[in-house]
């Protein structure tokens, strides 16, 4: 059973999830390219770890084995599902 | 003679590529630039097991062969044999981080596809073990079809095996062909990389990673910014207080040397050139070496530990209000040492508009070259009194000048990102690498290279302008009853400049200093010093430069001069590096103009306000 699909920026810190879909169309070409290079892909495990101290932006997420920082604006394009109990 | 065989070292950022390059080549390295771009070219030599010499080139870290920065473009072009100023490598050494295989293997797969003889360094294998990851490098070798060597670059483990594998590859006669660039779709490659990585992992025990625990503190919403502020505070304290003793010693040594050499020379033009020109001018600049080394020492350590990107992470939101990205934090911070490395550091900013804005405001950060100007004027005109417990007025003014620079830079960035450089922003994407202990060896190599760049500058541009200025200020010689600064060529040029800057309260001495200050700001001090020492009559000789200034300038003029230098139309080196980084004259000219206008307005406003308060 998997939970509902939510945007990455709404996932609670420390919650493990999987990338269900990425809305490549709303991202700029270079942003999309970078996300792919960071290993963003459907099925990859993801976990938000930290928020920027001012205005809760940007967002540090663990994607696969790597930790990367992205802004909320980009995180919105990544839809995730949590493994529901 | 045939050039040495060339081995390119390539890999993702944070794979430990430079540490491996340092371990292989030691101190036998050279830093230069690729023609036409300001991407640094690091080459070093080593000896193969069979005794033949080989050359390594450390390519800029990249995530792939589809570049999103000038650095990554160089990496791709070298590997495709299309980079000007570099021959096609005969072999490739790919560095991957053992604990980040799924990601780094993607780029490795792209690189293997190029068809060059290849060895893979499975680096930081010790850290992977620490994190509970056990890998089968033989399995990896089978899957990838190229030799895989386990390495720990910072402990020089695996270096001999790398060299012997490379030796074997270089001995095989093989036709080298330039590849055609990326052929596979990124996501397909990524999936294959993940499969191979999964296959190579023997066991994985989940452990709480050190990096994760450290980030819990260093990126904590409250503790994080406080720690960052403390680190920055320590850094500036260090730059100003730790450097005092070595700087004073250097200054005194230069002066002594100048005097000794001066006494050995006959009185006259040559002696004046050596003592008043060369030693006074270059000596005034060499004293900054300790400060620059301390600042770069901090920057190198912060960078190599992985803290620098955390600082960018913390600052990103605030920087975004000024239309910049968190990545601009590092270049702007470096600009406190000098805008030239600061502007060069903007290469790490992906977005071209963000990058341009950062370049344009970088000269507003108070660079260390402005410090001697500030110090001299403050010492001459601001009384050394305290205005509160432990707060001296002189220090307060200096702090105020730094703050004015920062605030103006942020305001300028806001205005620029809404007008001249519209349409940038929105992205901040960077990897947060594992924390690592800084390696003394790597930091020392970095510092050595910075010191050389600085000394070269002091030995060329600054030495040249000092000599030219000395000549302009010394000839023609003043007759009896005339002042040297009135009759010399420099004096006549200064008359012209004076007409323009008189309305903002600048006198002729300042006018004469402004022109050489374009070569390097710190020359302003040397210039005023040269002019006064050439003017001095024997009974004034014992007066210090500060005493002479205090007697000749009004307070309003001095304050206006300080305000001018907050915006200080930048030096030739800054203009040159801006031209190279922006590929044309448009932006450097724009930068010079807006800074001139700001400097003129700020100095004028300061002068007339001070005069209104009766300080004229």
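Chains as they are written, first to last, in my numbering: chain A, 45 to 129; chain B, 8 to 623. In this text, a Cβ means the ideal position worked out from N, Cα and C, and glycines have one as well.
Item, Value
"Just list the beta strand (DSSP E) runs in the region 393-443 of chain B, keeping only unbroken ones of 3 residues or longer that don't cross its boundaries, in chain order.", "393-395"
"Determine which residues of the region 65-81 of chain A have a Cβ less than 8 Å from any Cβ of chain B, and write them out in chain order.", "72, 74, 75, 77, 78, 79, 80 and 81"
"Assuming residue 111 of chain A is part of the beta strand (DSSP E), what are its boundary residues?", "110-114"
"What beta strand (DSSP E) runs, 3 residues minimum, are completely inside the region 437-516 of chain B?", "none"
"If residue 78 of chain B and residue 446 of chain B are in contact, beta carbons under 8 Å, what's the gap, nearest whole angstrom?", "The Cβ separation is near 22 Å, so there is no contact."
"Output yes if chain B places a C-beta closer than 7 Å to the C-beta of residue 85 of chain A; else output no.", "yes"
"In or out: residue 330 of chain B buried (at least 16 other Cβ within 10 Å) or exposed?", "buried"
"Where does the unbroken alpha helix (DSSP H) through residue 342 of chain B begin, and where does it stop?", "Taken as a continuous stretch (DSSP letters only), residue 342 of chain B belongs to no alpha helix (DSSP H), as it is neither H nor E."
"Residue 92 of chain A CB to nearest chain B CB: under 7 Å?", "no"
"Kindly list the residues whose CB is nearer than 7 Å to the CB of residue 606 of chain B, restricted to its own chain and excluding five residues on each side of it in sequence; keep chain order.", "571, 574, 575 and 576"
"Using a 10 Å radius around the Cβ and a threshold of 16 neighbouring Cβ atoms, would you call residue 628 of chain B buried or exposed?", "No answer is possible for residue 628 of chain B: it lies beyond the span of chain B, which begins at 8 and ends at 623."
"Excluding the 5 residues flanking residue 348 of chain B on each side, which residues of the same chain have their C-beta closer than 6 Å to its C-beta?", "341"
"Tell me, please, whether the region 310-330 of chain B touches the region 435-452 of chain B by the rule of three or more beta-carbon pairs shorter than 8 Å.", "yes"
"Using CA coordinates, which residue listed in B:403, B:388 and B:387 is at the minimum distance from residue 394 of chain B?", "B:403"
"Applying a beta-carbon distance threshold of less than 8 Å, which residues of chain A neighbour residue 197 of chain B?", "80, 83 and 85"
"Helix, strand or coil for residue 208 of chain B per DSSP?", "strand"
"Which parts of the region 126-186 of chain B are runs of the beta strand (DSSP E), unbroken and 3 residues or longer, counting only runs that do not cross its ends?", "140-142 and 155-157"
"Taking only the alpha-carbon atoms, compute the straight-line gap between residue 440 of chain B and residue 107 of chain B and give it to the nearest angstrom.", "10 Å"
"Can you name the residues of chain B whose CB is closer than 9 Å to the CB of residue 118 of chain A?", "433, 434, 435 and 436"
"Are three or more beta carbon pairs between the region 50-57 of chain B and the region 116-128 of chain A nearer than 8 Å?", "no"
"Decide if residue 21 of chain B is buried, meaning its Cβ has at least 16 other Cβ atoms within 10 Å, or exposed.", "buried"
"Which stretch, first to last residue, makes up the beta strand (DSSP E) that contains residue 274 of chain B?", "Premise fails: residue 274 of chain B is in no beta strand (DSSP E) and is neither H nor E."
"Do residue 68 of chain A and residue 76 of chain A have their C-beta atoms within less than 7 Å of each other?", "yes"
"For residue 199 of chain B and residue 116 of chain B, which I take to be in contact (beta-carbon distance under 8 Å), what is that distance rounded to the nearest angstrom?", "6 Å"
"Against residue 101 of chain A, what residues of chain B qualify as contacts under a CB-to-CB distance less than 7 Å, listed in chain order?", "324"
"Assess, as a yes-or-no matter, whether the region 92-109 of chain A is touched by the region 60-73 of chain B under the definition of 3 or more beta carbon pairs within less than 8 Å.", "no"
"Could you check if residue 103 of chain A is buried or exposed, using at least 16 other CB atoms within 10 Å of its CB as the buried criterion?", "buried"
"If you draw a straight line from the alpha carbon of residue 614 of chain B to that of residue 114 of chain B, how long is it in whole angstroms?", "59 Å"
"Let me know the secondary structure DSSP gives residue 103 of chain A once reduced to three states.", "strand"
"Judging by CA-CA distance, which residue of B:99, B:40 and B:491 is the nearest neighbour of residue 15 of chain B?", "B:99"
"Is there a Cβ of chain B sitting closer than 7 Å to that of residue 51 of chain A, yes or no?", "no"
"Pop quiz: residue 94 of chain B and residue 42 of chain B are said to be a contact at Cβ under 8 Å. What is the actual Cβ separation, rounded to whole angstroms?", "No, residue 94 of chain B and residue 42 of chain B are not in contact; Cβ-Cβ is about 13 Å, not under 8 Å."
"So does the region 594-606 of chain B actually touch the region 364-372 of chain B, counting three or more Cβ pairs closer than 8 Å?", "yes"
"How far does the alpha helix (DSSP H) with residue 553 of chain B in it reach, from first residue to last?", "552-559"
"Label residue 517 of chain B either buried or exposed according to how many other C-beta atoms from any shown protein chain fall within 10 Å of its C-beta, with 16 as the threshold for buried.", "buried"
"Could you have a look at residue 351 of chain B and say whether DSSP puts it in helix, strand or coil?", "helix"
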